[in-house]
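> In the UniProt record's numbering, the protein residues as written are 1 to 116.
Here a beta-carbon is modelled for each residue, glycine too, at the ideal position from N, C-alpha and C.
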Amino acid sequence: MSFTELLPLTDVTACCAPLTREAISADGAEKLARTLKAIADPARLRLISMVAAHDDAEACVCDLTEPLGLGQPTVSHHLKILVDAGIFTRDKRGTWAYYKLVPGALDSIAQLLITV
1 MSFTELLPLT DVTACCAPLT REAISADGAE KLARTLKAIA DPARLRLISM VAAHDDAEAC
61 VCDLTEPLGL GQPTVSHHLK ILVDAGIFTR DKRGTWAYYK LVPGALDSIA QLLITV
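1. So what's residue 30 in DSSP terms, helix, strand or just coil?
2. Determine the DSSP secondary structure at residue 22, reduced to helix, strand or coil.
3. Taking the straight line between their C-alpha atoms, what separation do you get for residue 33 and residue 81?
4. Do you know whose CA, among 96, 93, 74 and 83, lies nearest residue 103's CA?
5. Does the CB of residue 34 have a neighbour CB from chain D at under 8 Å?
6. In whole angstroms, give me the CA-to-CA distance for residue 59 and residue 86.
7. For residue 101, does the three-state DSSP call read helix, strand or coil?
8. Which residue from 47, 43 and 89 puts its Cα closest to that of residue 100?
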């Protein structure tokens with residue numbers, strides 16, 4: 001399955017209730033696993049943290065490459081996966097792309113993993 005088939009994170013809660021409240025369906029588990037796979041990478045977790053901590057919670061790709069210690073094509077690949085997963089939005093300004101967290105995207109995943 002490609003990352004373009006991922007649900008946007010804001011829709012993940014539509015697939016299932018929190019994991020500890022009722023058994024997840026096979027389809028729901030598949031969708032949730034694809035979404036979790038998008039953030040289950042150290043570089044992507046760092047990108048999420050870096051963008052969230054940046055001024056106005058928005059960062060240019062040009063500001064992310066050096067601190068991450070990866071080449072620009074690799075950083076762009078990771079950012080595309082996060083955009084496709086609904087975690088980031090992308091805004092092209094001239095030759096640069098700016099990334100911002102989608103409001104509530106990470107909260108929707110956290111709600112599925114809570115234990116009540």
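Looking at the atomic coordinates:
1. Position 30 of the sequence shown, counted from the first residue, corresponds to residue 30. If DSSP states are grouped into helix, strand and coil, residue 30 belongs with the helices.
2. Numbered from its first residue, the sequence shown carries residue 22 at position 22. Coil.
3. As a position in the sequence shown, residue 33 is number 33, starting the count at 1. As a position in the sequence shown, residue 81 is number 81, starting the count at 1. About 14 Å.
4. Against the sequence shown, residue 103 aligns to sequence position 103. Ranking 96, 93, 74 and 83 by Cα distance to residue 103 puts 83 first.
5. No chain D appears in the structure shown, which is made up of a single protein chain.
6. In the sequence shown, the residue the question calls residue 59 occupies position 59. In the sequence shown, the residue the question calls residue 86 occupies position 86. Straight-line Cα distance between these residues: approximately 16 Å.
7. Against the sequence shown, residue 101 aligns to sequence position 101. Here residue 101 sits in strand by DSSP.
8. Taking the first residue of the sequence shown as position 1, residue 100 is located at position 100. The shortest Cα separation from residue 100 among 47, 43 and 89 belongs to 89.
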